[in-house]
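Peer 1: Residue numbers (this note's numbering): 54 to 320.
C-beta: ideal position from N, C-alpha, C; glycine also.
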Amino acid sequence: MEYNDTVESGLVIPLIAGWVGGWIVNYLADVLPHTRRFSRPTCPHCNTIYSWQDYLLFRACRSCGNRRTIRTWVVQLFLAAFSVYIWISPPAHLGFALGLILLLYFTMDFVIDLEHRLILHTTSIFGAFLGLGVGFLRQGLSSTLIGGAVGFGMVFLFYLFGVLFTKIRARRLQSAGLEADDEEAFGAGDVILATIIGFILGWPLTWFGILFGVLLGGVISVLIMLILFLSRRFQSWMVFIPFGPFFITSAFLIVYLPQLVKFLVPK
Ligand SMILES: [Zn+2]
Numbered sequence: 054m055e056y057n058d059t060v061e062s063g064l065v066i067p068l069i070a071g072w073v074g075g076w077i078v079n080y081l082a083d084v085l086p087h088t089r090r091f092s093r094p095t096c097p098h099c100n101t102i103y104s105w106q107d108y109l110l111f112r113a114c115r116s117c118g119n120r121r122t123i124r125t126w127v128v129q130l131f132l133a134a135f136s137v138y139i140w141i142s143p144p145a146h147l148g149f150a151l152g153l154i155l156l157l158y159f160t161m162d163f164v165i166d167l168e169h170r171l172i173l174h175t176t177s178i179f180g181a182f183l184g185l186g187v188g189f190l191r192q193g194l195s196s197t198l199i200g201g202a203v204g205f206g207m208v209f210l211f212y213l214f215g216v217l218f219t220k221i222r223a224r225r226l227q228s229a230g231l232e233a234d235d236e237e238a239f240g241a242g243d244v245i246l247a248t249i250i251g252f253i254l255g256w257p258l259t260w261f262g263i264l265f266g267v268l269l270g271g272v273i274s275v276l277i278m279l280i281l282f283l284s285r286r287f288q289s290w291m292v293f294i295p296f297g298p299f300f301i302t303s304a305f306l307i308v309y310l311p312q313l314v315k316f317l318v319p320k
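Quick look at the structure:
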């Protein structure tokens, strides 16, 4: 009885920490892609500046009446719930606090990349330091540094293939009399993100983490193309795949839910 009481009242701490984390992630994802600094959040529809009170209470915009995005709520609920999970079952070698900070970083990068196809330099610098620290605690310095180098090397190779592919595609489009675009399968931001994830996972887990991310991205894109094809909204065989969110999902699963991916990891 006494034990249950302690457990239940103890869950208030991770719930509040996760909720505050949700505020931070939503705020950063709302302002950083637009102003690149810690500016005041504005309504995405009419650019009116929110009062802090309205913003933190998720009120609709006073000027145009538009409500806050679904993403805002998904982030709040996901982080509050997952914070409780980390409290009960903290990731190996990291503990609750660092486990939650890493989760906030993953969530923020995931949301910004998904919404803007953007890996920001400011968040990458933070991520690099965080990744080095997390990697050092998880697997020691040398494995962390090799992991970073391997993550960089792997996605840089993909990136070069992507550049080549884009050139060939542009030539085809031109010869077909269509306007060329410069969509790249892998962007430079993905290379930086893969380096950070390499730090976090270390050698030899990095190569599995990156390949698993590419595989996830491939499978989901095929599914999306199939849905578009079946609903006759399909226009082009080349659909841009933002790989960043899939790299993050892969690293997230390996760090927080290793039992889910354990059977995939080669011994
Ligand atoms: Zn508005």
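Within its chain, find whatever has a CB closer than 6 angstroms to the CB of Ile249; leave out the 5 residues flanking it on each side and keep chain order.
Peer 2: So the list reads Gly180, Ala181 and Gly184, once near-sequence residues are dropped.
Peer 1: Over what stretch of residues does the alpha helix (DSSP H) that includes Leu246 continue unbroken?
Peer 2: Where Leu246 is concerned, the enclosing alpha helix (DSSP H) stretches over Ala241 to Leu254.
Peer 1: When every heavy atom of ligand 1 is checked, does at least one fall within less than 8 angstroms of the C-beta of Ser116?
Peer 2: Yes, the Cβ of Ser116 comes within 8 angstroms of a heavy atom of ligand 1.
Peer 1: Are the beta-carbon atoms of Phe159 and Ala304 separated by less than 9 angstroms?
Peer 2: Yes. Within cutoff.
Peer 1: Is any heavy atom of ligand 1 found at a distance shorter than 8 angstroms from the C-beta of His174?
Peer 2: His174 Cβ: outside cutoff for every heavy atom of ligand 1.
Peer 1: Starting from the Cα of Thr219, find the closest Cα among Gly240, His87, Gly201 and Ala202 and give me that residue.
Peer 2: Thr219 has its Cα closest to that of Gly240, out of Gly240, His87, Gly201 and Ala202.
Peer 1: Measure the Cβ-Cβ separation of Arg115 and Thr95 and say whether it is below 9 angstroms.
Peer 2: Contact: no.
Peer 1: By alpha-carbon positions, which one of Gly251, Leu153, Arg170 and Ile66 ends up nearest to Pro295?
Peer 2: The shortest C-alpha separation from Pro295 is found at Arg170.
Peer 1: Note down the Cα distance separating Leu155 from Ser142, rounded to an integer number of angstroms.
Peer 2: The straight-line gap from Cα to Cα measures roughly 15 angstroms.
Peer 1: For Thr95, which beta-bridge partners are listed by DSSP?
Peer 2: Thr95 pairs with Ile102.
Peer 1: Say yes only if the C-beta of Thr101 is nearer than 8 angstroms to one or more non-hydrogen atoms of ligand 1, and no if none qualify.
Peer 2: Checking the Cβ of Thr101 against ligand 1 gives yes.
Peer 1: DSSP on His87, reduced to helix/strand/coil?
Peer 2: It is helical.
Peer 1: Measuring straight from C-alpha to C-alpha, what distance separates Ile280 and Val272?
Peer 2: About 13 angstroms.
Peer 1: In the DSSP assignment, find the alpha helix (DSSP H) that holds Ser38 and state where it starts and stops.
Peer 2: Summary: the structure shown does not reach residue 38, with the chain confined to residues 54 through 320, and so no result is reported for it.
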